[in-house]
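Chemist:
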Amino acid sequence: MRYSGFQVFLNGLTGNRGWAPVWRDPAPKDHYDVIIIGGGGHGLATAYYLAREHGITNVAVLEKGTIGGGNVGRNTTVVRANYMLDGNVEFYSHSLKLWQNLSAELNYNVMLSRRGCILLAHSDGQLEALARRGNMNLMQGDGAELWDAATLRRHIPYLNFDDPRFPLKGGLMQWEAGTARHDAVAWGYARAADRLGVDLIQNCEVTGFRIERGRVTGVDTTRGHIGAGKVGMAVAGRSSQVAAMAGLRLPIESHVLQAFVTEGLKPVIDTVISFGMGHFYISQSDKGGLVFGGDIDGYNSYAQRGNLPIVEHVAEAGMALMPMIGRARMLRSWGGIMDMTMDGSPIIDRTPVEGLFFNGGWCYGGFKAVPGGGHVFAHLIATGNPHPVATKFRLDRFARGAVIDEEATGATPNLH
Amino acid sequence: MKLDCPLCGARDIREFHYQGAASLADRPDPDAPEAQQVFLDYVYMRDNPAGENRELWFHAHGCGAWLVATRNVTTHEFLSVRLAAAREAAP
Ligand SMILES: Cc1cc2nc3c(=O)[nH]c(=O)nc-3n(C[C@H](O)[C@H](O)[C@H](O)COP(=O)(O)OP(=O)(O)OC[C@H]3O[C@@H](n4cnc5c(N)ncnc54)[C@H](O)[C@@H]3O)c2cc1C
Ligand SMILES: [Zn+2]
Chain A
1 MRYSGFQVFL NGLTGNRGWA PVWRDPAPKD HYDVIIIGGG GHGLATAYYL AREHGITNVA
61 VLEKGTIGGG NVGRNTTVVR ANYMLDGNVE FYSHSLKLWQ NLSAELNYNV MLSRRGCILL
121 AHSDGQLEAL ARRGNMNLMQ GDGAELWDAA TLRRHIPYLN FDDPRFPLKG GLMQWEAGTA
181 RHDAVAWGYA RAADRLGVDL IQNCEVTGFR IERGRVTGVD TTRGHIGAGK VGMAVAGRSS
241 QVAAMAGLRL PIESHVLQAF VTEGLKPVID TVISFGMGHF YISQSDKGGL VFGGDIDGYN
301 SYAQRGNLPI VEHVAEAGMA LMPMIGRARM LRSWGGIMDM TMDGSPIIDR TPVEGLFFNG
361 GWCYGGFKAV PGGGHVFAHL IATGNPHPVA TKFRLDRFAR GAVIDEEATG ATPNLH
Chain B
1001 MKLDCPLCGA RDIREFHYQG AASLADRPDP DAPEAQQVFL DYVYMRDNPA GENRELWFHA
1061 HGCGAWLVAT RNVTTHEFLS VRLAAAREAA P
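Protein chains in written order, with the working numbering: chain A, 1 to 416; chain B, 1001 to 1091.
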C-alpha cells in the first residue's frame, strides 16, 4: 500500500482495519547474491540502494535482533554536514543531500526537521577556527553562517553568555542541519527495501563465515547456513566481533554513549545547540522532551548502559550552558555501543577476504550518515570500487598515515 | 564503579583516567626487521573483546600510579588489578 493523506483519512473512517504489516517475514533462502549483516540504518539503507540503484534484488539483511533495535533507534537524531577534513566533508555533504527528499523517495515520513545546528565558540581563537570550518563547508556547497555574540544572543537569548570560564563569543550556524525521527528512518528503509524484493530476516545472528580460497561463500547463522556471492558487514558496535570471525583485526574499540530525555515541555529550543567545551548537545523533540547527550563514558564497554559519572558530567555541562533547564526533570537515559575508530572517522572498504565488504566505525556520527553510508556502501558492493565521495574511508589509511582525525587527538578512541 | 588501587584502596572511578589496552605498555622493538608492521598493530589495532579486557588505568587524582586491570566489559566488573610497575615481578 502506498501511504498518503487519503489512506490515513480512509482508514480513520473504517476503524483502521486497512493497515497491513509493513514488511514480510520470509524464511531465509539457501543462497543470495548479496547478504548484508546488520539490520540497522546502514544495513537497511545499503540493501535499499543495492535494489534501487543497482538492480540487485536477490539480497538478504540478516539481523540478530529486530529491525531498528540497535543504535539507529538509540541516537539523538542530529543530522548535519559541518565537518572539516577532506574525506568527511564530501561524504557528509552527499549524505545531507540524500536526506532532502528521503521521505518522498521512501514514501515514509522520516520527519526531517531542518531547524539548524549551531556550534558555539568560547574564545576569539575558537571563533576563528569555526570561520575556517565554515569556509570549508561553503567550498563544499554546504551552508555555514558565522554568528557574532550579538547575533547569537538575538537567536538564542537563554544561553549563559557571561559565564566567566566559558563566555560565548559566537558560533557557526548550519541552517540545513536538524533532526529526523530515527525509528522512521529504519522502518522507511526497511519497508522500501522489502517492496523491492529484499528479504529482511530477523532473529538471525551471524555466527561465522564460510571462506574458500580467500573468497567468502556464505555465512553460518542461528537459522542455518546461507550462501552468498558477496557479504557486507554493517553491524555498528559489534564490528570487531563479526570481523574476527573472518580473521580480521580492526582499528576499533567499542564504547558506550549515553543519551537523555526530559519530560515534555512547551516549545523552547528551536534548533540544535552544540557546546564544545563541556561536550554537550541538545535539541527538543516534537513531543517536547529535551533530548541531550555528551561524551562517551571513556572506557571500552559492551554493556549498552552507562554509569553515573557521565550523567553528572553531562548535567553539569547543560547547567553551565543553559541554566534555565535546571528545573526540567529527566525522564530516561540509555546507552548504545559504538565503534570508535583510531581517528574518529568511519571505514567503508573492501576487506582482505574477497567478496567481503566492511561498513563501520561510525563513532558518534553514524545516524546522519545513514543515507550516505548506505548509498556508497551499495556502490562499493555492486561495482567493487569506492564511490567518489568515499574514497578516503579506507581500512589501510592507518598504515599509510592518511588518517582523518577531526579532533586531532591521535590513536585514542576515547577522546574522539 | 570502583577501582581497587593497590596503593590507595578502593576509589571512585572518577579518580582514574582510562589509558587504553594493556598491550600499549609493551612497546615493540623499533629496530626489529618487522618493526613497521609491528608498530602498526601496536598503535592502531585492537582485540576489542566482548568479555575480559586487559587495560591501563592511571590514578590521576590519587597516587599517580599506572595500573593494569582486567575488566569484564559486558558488566563493567573489575576482575583483577595490579601496579603496572610490578609487571615483570608478577608470575
Ligand atoms: C546515545 C547515542 C546517540 C547518538 N546520537 C547521534 C546523533 O545525534 N547523530 C548521529 O549522526 N549519530 C548519532 N549516534 C550514532 C549512530 O546512532 C550510529 O553511529 C549508527 O546508528 C550506527 O549505524 P547503524 O544504524 O547501522 O547501527 P545499528 O542500528 O546498531 O545496526 C547494527 C545492527 O547489527 C546487528 N548485529 C550485530 N551483530 C550481528 C550479528 N552477528 N548478526 C546479525 N546482526 C548483528 C545489531 O543487532 C544491530 O541491529 C548516536 C549513538 C548513540 C548510542
Ligand atoms: Zn592510587
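Cβ coordinates follow ideal geometry from the N, Cα and C atoms, glycine included.
Computed from a predicted structure; not experimentally measured.
Residue 1066 (chain B) lies in the beta strand (DSSP E); which residues open and close that run?
Modeler: Along the second sequence, one-based indexing puts residue 1066 (chain B) at 66. 1066–1072 is the span of the beta strand (DSSP E), which, as asked, contains residue 1066 (chain B).
Chemist: Could you check the C-alpha separation between residue 40 (chain A) and residue 304 (chain A) for me, to the nearest Å?
Modeler: On the first sequence, residue 40 (chain A) is found 40 positions in, with the first residue counted as 1. On the first sequence, residue 304 (chain A) is found 304 positions in, with the first residue counted as 1. In a straight line, the C-alpha of residue 40 (chain A) is about 16 Å away from that of residue 304 (chain A).
Chemist: When the Cα of residue 1016 (chain B) is compared with those of B:1070, B:1002 and B:1072, which residue comes out closest?
Modeler: Here residue 1016 (chain B) is taken as the residue at index 16 of the second sequence, counted from 1. Checked all of B:1070, B:1002 and B:1072; the closest Cα to residue 1016 (chain B) is B:1002.
Chemist: May I ask whether a heavy atom of ligand 1 can be found less than 7 Å away from the beta carbon of residue 431 (chain A)?
Modeler: Absent from the model: residue 431 (chain A). The displayed extent of chain A is 1 to 416, so no value can be given.
Chemist: Once the 5 residues before and after residue 1091 (chain B) are set aside, which same chain residues still bring their CB inside 8 Å of it?
Modeler: Counted from its first residue, the second sequence places residue 1091 (chain B) at position 91. Any answer about residue 1091 (chain B) is weak, because its pLDDT of 47 lies below 50 and its placement is not dependable; what the coordinates show is given next. Taken in chain order, the list of residues that qualify is empty.
Chemist: So who's on the other strand from residue 1027 (chain B), going by DSSP bridges?
Modeler: Sequence index remark: in the second sequence, residue 1027 (chain B) carries index 27 (1-based). Bridge partners of residue 1027 (chain B): none, in fact.
Chemist: Any C-beta of chain B sitting closer than 8 Å to the C-beta of residue 417 (chain A)?
Modeler: For chain A, the structure presents residues 1 to 416; residue 417 (chain A) sits outside this window and is missing.
Chemist: What are the uninterrupted segments assigned as beta strand (DSSP E) that are 3 or more residues long and contained completely in the segment 280–368 of chain A, given in chain order?
Modeler: Runs of the beta strand (DSSP E) inside the segment 280–368 of chain A: 280–284, 289–300, 330–341, 347–350 and 356–360.
Chemist: Would you report the Cα separation of residue 373 (chain A) and residue 406 (chain A), rounded to the nearest angstrom?
Modeler: Taking the first sequence and counting its residues from 1, the one referred to as residue 373 (chain A) is at position 373. Taking the first sequence and counting its residues from 1, the one referred to as residue 406 (chain A) is at position 406. Answer to the nearest angstrom: the Cα atoms are 18 Å apart.
Chemist: Consider the Cβ of residue 1040 (chain B): report whether some Cβ of chain C lies at a distance smaller than 8 Å.
Modeler: Among the chains of the structure shown, chain C does not appear; the protein chains present are A and B.
Chemist: If you draw a straight line from the alpha carbon of residue 1076 (chain B) to that of residue 43 (chain A), how long is it in whole angstroms?
Modeler: Against the second sequence, residue 1076 (chain B) aligns to sequence position 76. Against the first sequence, residue 43 (chain A) aligns to sequence position 43. Approximately 29 Å, taken between the alpha carbons.
Chemist: Can you tell me whether residue 95 (chain A) is buried or exposed, with buried defined as 16 or more other CB within 10 angstroms of its CB?
Modeler: The sequence position of residue 95 (chain A) within the first sequence is 95, counting from 1. Residue 95 (chain A) is buried by the Cβ-count criterion.
Chemist: Could you confirm whether any beta carbon from chain A is found closer than 8 Å to the beta carbon of residue 1091 (chain B)?
Modeler: Locating residue 1091 (chain B) in the second sequence gives position 91, where the first residue counts as 1. Unreliable positioning characterises residue 1091 (chain B) in this predicted model, as indicated by a pLDDT of 47, which lies under 50. The coordinate reading is nonetheless provided below. So no, residue 1091 (chain B) is outside the interface.
Chemist: If you draw a straight line from the C-alpha of residue 355 (chain A) to the C-alpha of residue 338 (chain A), how long is it?
Modeler: Translated into positions along the first sequence, residue 355 (chain A) becomes position 355. Translated into positions along the first sequence, residue 338 (chain A) becomes position 338. Spanning the two alpha carbons is a distance of roughly 25 Å.
Chemist: Specify, as a first and last residue, the run of the alpha helix (DSSP H) that residue 228 (chain A) falls within.
Modeler: Counted from its first residue, the first sequence places residue 228 (chain A) at position 228. Counting along the chain, residue 228 (chain A) falls outside any alpha helix (DSSP H), though it belongs to the beta strand (DSSP E) covering 224–233.
Chemist: Looking at chain A, is there any beta carbon in it that lies within less than 8 Å of the beta carbon of residue 1065 (chain B)?
Modeler: In the second sequence, residue 1065 (chain B) corresponds to position 65, counting from 1. Not an interface residue.
Chemist: So is residue 241 (chain A) in contact with chain B if we call contact Cβ pairs under 8 Å?
Modeler: For the purposes of this step, residue 241 (chain A) is taken as the residue at position 241 of the first sequence. Yes, its Cβ sits closer than 8 Å to a Cβ of chain B.
Chemist: Can you tell which of A:155, A:112, A:86 and A:132 has its C-alpha closest to the C-alpha of residue 144 (chain A)?
Modeler: The sequence position of residue 144 (chain A) within the first sequence is 144, counting from 1. When only C-alpha atoms are compared, the closest one is A:132.
Chemist: Drop a sphere of 10 angstroms on the beta-carbon of residue 238 (chain A), count the other beta-carbons inside from all chains shown, and report buried for 16 or more, exposed for fewer.
Modeler: Here residue 238 (chain A) refers to the residue found at position 238 of the first sequence. Buried, by the Cβ-count rule.
Chemist: What does residue 1014 (chain B) touch in chain A if you count any residue whose Cβ is under 8 Å from its own?
Modeler: Numbered from its first residue, the second sequence carries residue 1014 (chain B) at position 14. Near residue 1014 (chain B) (Cβ distances below 8 Å), the residues of chain A are 309.
Chemist: May I ask you to check if the CB of residue 112 (chain A) is nearer than 7 Å to at least one heavy atom of ligand 2?
Modeler: Taking the first sequence and counting its residues from 1, the one referred to as residue 112 (chain A) is at position 112. Checking every heavy atom of ligand 2 against the Cβ of residue 112 (chain A), none is found closer than 7 Å.
Chemist: If you follow the beta strand (DSSP E) that residue 8 (chain A) is part of, which residue opens it and which one closes it?
Modeler: As a working mapping, residue 8 (chain A) is identified with position 8 in the first sequence. First-last for residue 8 (chain A): 5–13, but that is the alpha helix (DSSP H), not the beta strand (DSSP E).
Chemist: Residues of the segment 1042–1053 of chain B with a CB closer than 9 Å to any CB of chain A: list them in chain order, please.
Modeler: Those would be 1043, 1044, 1045, 1046, 1047, 1048, 1049, 1050, 1051 and 1053, in chain order.
Chemist: Closest to residue 110 (chain A) by C-alpha separation, out of A:414, A:387, A:376 and A:368, would be which residue?
Modeler: Indexing the first sequence from 1 puts residue 110 (chain A) at position 110. Closest by alpha carbon: A:368.
Chemist: Just verifying my parser: in three-state terms, what is the DSSP assignment at residue 45 (chain A)?
Modeler: Numbered from its first residue, the first sequence carries residue 45 (chain A) at position 45. Reduced to three states, the DSSP call for residue 45 (chain A) is helix.
Chemist: State yes or no: is the beta carbon of residue 1070 (chain B) nearer than 8 Å to at least one beta carbon in chain A?
Modeler: Counting from one through the second sequence, the residue named residue 1070 (chain B) turns up at place 70. Not an interface residue.
Chemist: Could you tell me whether the Cβ of residue 1076 (chain B) comes closer than 8 Å to any Cβ of chain A?
Modeler: Taking the first residue of the second sequence as 1, we reach residue 1076 (chain B) at position 76. It does; some Cβ of chain A falls within 8 Å.
Chemist: Just the C-alpha distance for residue 329 (chain A) and residue 215 (chain A), rounded to the nearest angstrom, thanks.
Modeler: Looking up residue 329 (chain A) in the first sequence gives position 329. Looking up residue 215 (chain A) in the first sequence gives position 215. So the alpha carbons of these two residues sit roughly 54 Å apart.
Chemist: Rounded to whole angstroms, what is the Cα-Cα separation between residue 3 (chain A) and residue 70 (chain A)?
Modeler: In the first sequence, residue 3 (chain A) corresponds to position 3, counting from 1. In the first sequence, residue 70 (chain A) corresponds to position 70, counting from 1. Residue 3 (chain A) and residue 70 (chain A): Cα-Cα distance of roughly 26 Å.
Chemist: Apart from the five residues just before and just after residue 394 (chain A), which ones in its own chain have a Cβ nearer than 7 Å to its Cβ?
Modeler: Sequence index remark: in the first sequence, residue 394 (chain A) carries index 394 (1-based). These residues qualify, in order along the chain: 349.
Chemist: Which residues, in chain order, does the segment 290–319 of chain A contribute to contact with chain B at a C-beta distance below 8 Å?
Modeler: Within the segment 290–319 of chain A, the residues whose Cβ lies closer than 8 Å to some Cβ of chain B are 298, 299, 300, 301, 302, 303, 307 and 309, listed in chain order.
Chemist: Who pairs with residue 262 (chain A) in a beta bridge, going by DSSP?
Modeler: What you label residue 262 (chain A) is simply residue 262 of the first sequence in a count that begins at 1. DSSP lists A:330 as partners of residue 262 (chain A).
Chemist: Please report whether the beta-carbon of residue 414 (chain A) lies at a distance below 8 Å from any beta-carbon of chain B.
Modeler: Reading the first sequence from its first residue, position 414 is the one you call residue 414 (chain A). Residue 414 (chain A) counts as touching chain B.
Chemist: At which residues does the alpha helix (DSSP H) containing residue 92 (chain A) begin and terminate?
Modeler: Indexing the first sequence from 1 puts residue 92 (chain A) at position 92. 88–100 is the extent of the alpha helix (DSSP H) around residue 92 (chain A).
Chemist: In the DSSP assignment, what residue or residues form a beta bridge with residue 211 (chain A)?
Modeler: Counting from one through the first sequence, the residue named residue 211 (chain A) turns up at place 211. BP columns for residue 211 (chain A) point to A:216.
Chemist: Taking 8 Å as the CB-CB cut-off, is residue 250 (chain A) touching chain B?
Modeler: Along the first sequence, read from residue 1 onward, the residue named residue 250 (chain A) stands at position 250. Closer than 8 Å to some Cβ of chain B, the Cβ of residue 250 (chain A) qualifies, so yes.
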